[in-house]
Amino acid sequence: LEKFEKNGLQLIWQTGKTFVDQARNLAAGKSNIRVNDFITKMEYAYAAADIVVSRSGAMAIAELCVVKKPVILVPYPFSAEDHQTVNAMKLVDRQAGLFVTDKEANNKLVQTVIALAGDPGKQESLRNNIATLAITDADEVIAKEILRSTKVLLNDGE
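Numbering (my numbering), first residue to last: 9 to 166.
This is how it looks when you write it as structure tokens:
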């Protein structure tokens with residue numbers, strides 16, 4: 009955590025209930041670190057962030073594409089069929105995110121954040137690439153498909 013302070017970086021840290029006390033102890037006296045067990049207004053955290061570090065579940069990936077922030081993905085290693093790694097690699101393959109394994113995180117994550125924070129060009133590239141993956145009209149697509157399917161069913165039944 010000292011490396012964040014040394015590099016002039018702020019951290020909004022969502023820990024979950026299990027680790028919140030430990031994280032608060034580690035962050036004690038550090039004004040650049042905000043520890044939360046859970047963030048209920050994630051849109052504000054995303055708005056405040058220049059870089060996001062996230063797991064890579066489907067909903068997280070969808071949100072990250074819409075908010076268009078440079079992201080470092082750390083897939084949950086025990087996800088069913090390792091789907092979080094599969095999700096993360098979809099972004100990495102399109103140069104829309106960076107990847108750190110959970111196993112590597114202790115040694116590699118902080119340096120990856122600091123390196124990205126110091127590389128505005130890389131941030132811009134990640135932002136532009138992830139923006140191309142955003143689906144902002146899913147509700148309309150689903151509604152149109154339901155209406156189309158319903159019409160087909162009605163026409164077939166007549």
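Just so it is clear, CB atoms sit at the ideal spot from N, CA and C, and this is done for glycine as well.
What number of angstroms, rounded off, separates the C-alpha of Ile80 from the C-alpha of Ile59? Answer to the nearest angstrom: the Cα atoms are 8 Å apart.
Nearest to Lys77 by alpha carbon, out of Thr109, Asp29 and Gln131? Per the Cα distances, Gln131.
Cα-Cα, which of Val121, Gly105, Asn33 and Gly126 is closest to Ser133? Each of Val121, Gly105, Asn33 and Gly126 was checked against the Cα of Ser133, and the nearest Cα belongs to Gly105.
Consider the C-beta atom of Val82 and the heavy atoms of the ligand PLP; say whether any pair is separated by less than 8 Å. Among the components of this structure there are no ligands whatsoever, and the ligand PLP is therefore not found.
Starting from the C-beta of Tyr84, find all residues in its chain whose C-beta is less than 6 Å away, skip the five residues before and the five after it, and write them out in chain order. Excluding sequence neighbours, Tyr84 sits near Arg63 and Gln92.
If the criterion is Cβ atoms closer than 9 Å, does the pair Ile143 and Ala70 meet it? Yes, the Cβ-Cβ distance between Ile143 and Ala70 is below 9 Å.
Since Lys98 and Val108 are thought to touch, with beta carbons under 8 Å apart, how far apart are those beta carbons, to the nearest angstrom? Incorrect: roughly 16 Å between the Cβ atoms, too far for contact.
Short Cβ contact (9 Å threshold) for Ala36 with Trp21: Not in contact: Ala36 and Trp21 (Cβ atoms no closer than 9 Å).
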